[in-house]
Amino acid sequence: MARLSLLDLCFALLSAALLILSFPKFDLSPLAWIALVPLLLALEGKTATRACLLAFVTGLGFFAGLFYWIWAVPGYNLLDELLLAVYLSPYIGLWGLGVTWIRKRTQLGVALVAPPLWVTLEYVRSNLSFLSLPWMLLGHSQYLHPVLLQVTSVTGVYGLTFLIVLVNAAIAETASHVRQAPSRPAPSWPAPPVSVAVALTLLIGTTLYGSLVLSRGTFPRIGSGMHRMRPQSSPTTRDSRAWQPTRRRP
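Here the numbering used here = 1-based position in the sequence shown + 3.
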């Protein structure tokens, strides 16, 4: 089994923690836009096997922390939560493996590889299996921001997921380029400044589109009057009254 350094594991777990904080119950959704940066930096220079393991660790920590509420569902316990995390983590592991494998065989930058691969794997786990589980996709982390959500009427949630991963990849690529600039053997394509420019352009365009839709008020508004379900008590309170709808303002 490939050995992973303590620093790499810390980076992988940091990404997991940032992802958890991006979703309910913490709702620190801006963190989603930087959550994958530590993991992407840890993947730099790794073999495909080590990259897969690091990404799997991120996935395991993320899903184990994300589905804490399963404890509050009658008939389920910690083992069920861990099994769910183990089932979902390989998707992120495959993403880490794929990003590393493709980049080692091409000159493509991480900003060109990571977003479409992440979206593909999210689609697979949401649709192409009898165990399909379209819960907590990365784009769902922005559910409190109707301006950003409007683009999903055109692209679906996968378009917003793509944008989030693209921003993460552009930041990681820029940080890696600055860190390795003196000894970098060959530039990737596209260059980090191009990746940043594209990410910013798409983010600004998405924001402007959402603002336009909301200002006109003549289109179906995505995310207005959203509801979510959350436990109103600790996981030890295992009865149906623990689950009540909470109305969130747009």
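Quick reminder that beta carbons are idealized off the backbone N, C-alpha and C, glycines included.
Grouping DSSP H, G and I as helix and E and B as strand, with all else coil, what is residue 17? helix
How would you label residue 13, buried or exposed, when you count the other beta carbons within 10 angstroms and need 16 or more for buried? exposed
Residue 176 (DSSP reduced to helix, strand or coil): helix
By the 10 Å Cβ neighbour count, where 16 or more other Cβ atoms means buried, how is residue 18 classified, buried or exposed? buried
Enumerate in chain order the residues of its own chain whose CB-to-CB distance from residue 68 is below 6 Å, with the five nearest sequence positions on each side excluded. 23
Mind checking which residues open and close the alpha helix (DSSP H) that includes residue 68? 51-69
Identify which residue in 39, 66, 82, 96 has its Cα closest to the Cα of residue 167. 39
Proximity of residue 151 and residue 209 at Cβ, strictly below 8 Å: yes
Hey, out of 138, 142, 48, whose CA is closest to residue 72's CA? 138
C-alpha distance - residue 127 paired with residue 85, whole-angstrom precision: 21 Å
So is residue 107 buried or exposed if we call it buried at 16+ other beta carbons inside 10 Å? exposed
If you drop the 5 nearest sequence neighbours on each side, which residues of the same chain put their C-beta closer than 8 Å to that of residue 145? 32, 35, 151, 152, 163, 167
Suppose you measure from the CA of residue 91 to the CA of residue 207; what does that come to, to the nearest Å? 32 Å
Three or more C-beta pairs below 8 Å linking the stretch 93-102 and the stretch 53-69: yes
Once DSSP output is grouped into helix, strand and coil, what is the label at residue 84? helix
Within a Cβ cutoff of 7 Å, which residues of the same chain sit near residue 219, ignoring the five residues on either side of it in sequence? none
Quick check on the DSSP output: the alpha helix (DSSP H) that includes residue 150 runs from which residue to which? 149-152
Going by the CB atoms, is the gap between residue 165 and residue 195 shorter than 8 Å? no
Is the Cβ-Cβ distance between residue 30 and residue 141 less than 8 Å? no
Would you call residue 75 buried or exposed, if buried means 16 or more other Cβ atoms sit within 10 Å of its Cβ? buried
Collapsed DSSP secondary structure at residue 230 in the structure displayed: Unreliable placement is indicated for residue 230, whose pLDDT of 43 sits below 50; the coordinate value is still reported in the next sentence. It is a strand residue.
On the three-state DSSP scale, how would you describe residue 47? In the structure shown, residue 47 falls within a coil segment according to DSSP collapsed to helix, strand and coil.
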